[in-house]
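Asker: The structure is given below, and queries will be raised subsequently.
Residue numbers (the working numbering), protein chains in the order written: chain A, 18 to 287; chain B, 1454 to 1797.
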C-alpha cells in the first residue's frame, strides 16, 4: 500500500525535476530526444561481450545529471529498483556460457559473466538515459517533440491526455484500495467478485469524467487537436548539443577509449 | 522486453512495424472523426494505470492478479483506439517507470498491443462473446482471448530476445521459461477482464454497444488493415532476416562484410535474398536453436589483436546499419503519413 503511494509520488517528482531552469532544460526537446535515441542505439549496438568500450558512455548521463541539476542518488535508486526483467534473463548467461575468455591475474572469467556484466551496464545506461531525458525535458515537451518529429498528432494528444489524468485516476484507485483494505478481514472480500464491481465502478466514473471533459472542451472550441503555446526553436545551441554528442557517441563506438588509455599507461610504465 | 537485451536491428525493425501500426490506427480514427473518442481514450489510458494498481486474490492459490489492459481496452474502445491507447500507456511506462526502455518500446507496443487488439479481440473474443449477453460466453471468450494474446506476446519477446543474441538462453529454453508464466498471467487477465465486462453489461450495457458499432464497416477496414500489416511484416521480415543471415556463416562472413560493403549496393536483390532467407528460416524454425555461435569470438580476438573482438565487428556494423536503415524507414513512414494527413 505505502509502496504504491511511493511509486505514485515518485512519478510526480520526476516531473517536478523537469520544471527547472538550467541550460539543459532550456534546450529544445527535439534535440534532447534525438540525442538520447542515438545514445541508446549506440550503447545497444555493441557486441555482447563488450564492457570496456561501453564505459565512456557514462559521460552523457553524467553530464545531463550535472548540468541539469538532478539528484544522482534518486536516479540511481530508481534504476536499481525497476525492471528486473533484463537482469533475470541475463543471469542465465553465466550458467550457459562457461567458456573462459578472459584472465585477470589468476582469475579466469567465463564469457557468461562478461556478457552478464555487459547487460547490467547496458541496462544502467539505457534506463538511466530515458529517465534523465524525462527529468530534463518534462513530459509535455517530450510529446510535443515527438509530434514535431513525425509521430501522428493523434498519438501525441493521446499521450498528453493520458498524462494529465494519470494522477487523478491513480489517486482514485488509491482511495479505493484503502477503502477496501479497511473493510477486508481474513482476506474475505479480496476476491474477484468485489474486484469486478470495484473496477467496474472506477471504469464508469472514468467514462463519465471523459464525457464531462469532452463537454467542457467542446464549449471552449475543441476541434480534435490541441494547440500548445510553447515556442520550439532549433538554434545554434541545439545543433551544437546534438552534433557534439552524436560525434562523441560515434567516435566512442569505433574507438575503445579505456583500452587505448590502458595501453598508454602500460607503455609509460614500461 | 528491455533495451539491455535488444540489438539495434531487432529494435529498429519493431519500431518500424509499430510506427506503421500507430500511423495506420491514427488515420483510421481520424476518418471516423469521432472527437468524443479523444478524451475518452486519454482517460482510459489513465484508467489502465489505476486498474493495474488494484489487484484481487485467487482463492486457494494465494496468488493475486490484476488487469493487463490490452483486451479490456479493445472490448471497450475497439481495436484501433485500443492500440493507440495501449501504445501511450506503454510509452509512459517506458519513460517514468523505466519499464523496458526507449529502443525496446517498439517491441513492447507490438507484443502487448498488436496481439490483443488485432488478433485476440477480433478473431477470438468477438467471435465467442458476441454481444456480451451470455455470461459463460463472455467468460470463456475473455479467458481464451487473454491467454492467446499473452502467449503470442511472450512468443514475441522470446523471438526478439533470441534474435538479438545478447542473452545466452536458447530459443527452446527461453520458450519453456516464458510460455507457462504467461499462461498463468493470461488466465488472471482473462478473469479480471471478464469480471469488469460482466459488471459493465449489468450496470451500463450501452457502453459496450458503443464500442461495437464502428466495426460495422468491416470489409474495407479488413483489407486496408491487411495491406498495412503486410507492409509492416515485410519491413520486419527484411530487417530481421538481414540481421539473422549474418549469424550462421559466422566468422568468415562477418570479416568479409566488415571489409567491404559492396554487397549492399543492389538493394532489391538484397531484399529479395533476405526474404528468401526468411522463408528458409521459418521452415526450419522448430529445430533451429537460434543460438549465436559466438564461441569463435575468443579466437577472433586473439588473431586480430587489440580493438574489440573481431568476430563481432561484422555483426555489429551490419546491426548498426540495419538499425539505422529501419529507423530511417520508420521516419519515412511517419513523414509519409504526415504528408497524407495534411492532404486530407
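Backbone N, C-alpha and C fix where the C-beta goes; we use that ideal spot for every residue, glycine too.
In the DSSP output, what is residue 205 (chain A) paired with across the bridge?
Answerer: A:202
Asker: Would you please verify whether the beta carbon of residue 1554 (chain B) is less than 8 Å from any beta carbon of chain A?
Answerer: yes
Asker: So, is the C-beta of residue 220 (chain A) closer than 8 Å to a C-beta in chain B?
Answerer: The beta carbon of residue 220 (chain A) falls within 8 Å of a beta carbon belonging to chain B, placing the residue at that interface.
Asker: So, does the CB of residue 1595 (chain B) fall closer than 8 Å to a CB anywhere in chain A?
Answerer: No, because no Cβ of chain A sits closer than 8 Å to the Cβ of residue 1595 (chain B).
Asker: Express the C-alpha separation of residue 59 (chain A) and residue 271 (chain A) in angstroms, rounding to a whole number.
Answerer: 10 Å
Asker: In this structure, does DSSP put residue 263 (chain A) in helix, strand or coil?
Answerer: In the structure shown, residue 263 (chain A) adopts helical secondary structure according to DSSP, grouped into three states.
Asker: Taking all protein chains shown into account, decide if residue 1473 (chain B) is buried (16 or more other Cβ within 10 angstroms of its Cβ) or exposed.
Answerer: Label assigned to residue 1473 (chain B): buried.
Asker: Short of 9 Å Cβ to Cβ, which residues in the region 182-205 of chain A face chain B?
Answerer: 182, 183, 184, 185, 186, 187, 188, 189, 190, 191, 193, 194, 197 and 204
Asker: Check whether the Cβ atoms of residue 103 (chain A) and residue 1457 (chain B) lie closer than 8 Å to each other.
Answerer: yes
Asker: Could you pull the start and end residues of the beta strand (DSSP E) that residue 118 (chain A) belongs to?
Answerer: Boundaries of the beta strand (DSSP E) harbouring residue 118 (chain A): 117-121, taken from the DSSP string.
Asker: Run the CB neighbour count on residue 1719 (chain B), radius 10 Å, all protein chains shown included, and call it buried at 16 or more, exposed below.
Answerer: Caution is warranted here: a pLDDT of 40 is assigned to residue 1719 (chain B), below 50, making its placement in the model unreliable, and no coordinate value can be reported.
Asker: Can we say the region 119-134 of chain A touches the region 147-155 of chain A, given the rule of at least three CB pairs closer than 8 Å?
Answerer: no
Asker: Given this structure, state the Cα-to-Cα distance separating residue 1581 (chain B) from residue 1655 (chain B), to the nearest angstrom.
Answerer: 19 Å
Asker: Using 8 Å as the threshold, is the C-beta distance between residue 1530 (chain B) and residue 1538 (chain B) below it?
Answerer: yes
Asker: Check the Cβ of residue 1652 (chain B) against every Cβ in chain A and list those closer than 7 Å, keeping chain order.
Answerer: 213, 214 and 217
Asker: Give me the chain B residues within the contact set of residue 227 (chain A), using Cβ-Cβ distance strictly less than 7 Å, ordered along the chain.
Answerer: 1492, 1493 and 1496
Asker: Could one say the Cβ of residue 35 (chain A) lies closer than 8 Å to chain B's Cβ atoms, at least one of them?
Answerer: no
Asker: Spatial neighbours of residue 39 (chain A) within its chain, please: C-beta separation below 7 Å, excluding the five flanking residues on both sides.
Answerer: 84, 85 and 86.
Asker: For the candidate residues A:31, A:29 and A:139, whose alpha-carbon lies nearest to that of residue 75 (chain A)?
Answerer: A:139
Asker: Evaluate residue 1544 (chain B) with the Cβ neighbour count: other Cβ atoms within 10 Å of its Cβ, from every protein chain shown; 16 or more gives buried, anything less gives exposed.
Answerer: Burial call: buried.
Asker: Note down the Cα distance separating residue 1506 (chain B) from residue 193 (chain A), rounded to an integer number of angstroms.
Answerer: 10 Å
Asker: Do residue 213 (chain A) and residue 1649 (chain B) count as a contact pair if the criterion is CB distance below 8 Å?
Answerer: yes
Asker: Pull up the DSSP beta-bridge partners for residue 127 (chain A), would you.
Answerer: Beta-bridge pairing links residue 127 (chain A) to A:117.
Asker: Check the Cβ-Cβ distances between residue 281 (chain A) and every residue of chain B, and say whether any is below 8 Å.
Answerer: no
Asker: Whose C-beta lies closer than 7 Å to the C-beta of residue 1601 (chain B) among residues of the same chain, with five residues either side of it excluded?
Answerer: 1573 and 1577
Asker: I'd like to know whether the C-beta atoms of residue 1502 (chain B) and residue 186 (chain A) end up nearer to each other than 8 Å.
Answerer: yes
Asker: So, helix, strand or coil for residue 171 (chain A), using DSSP?
Answerer: helix
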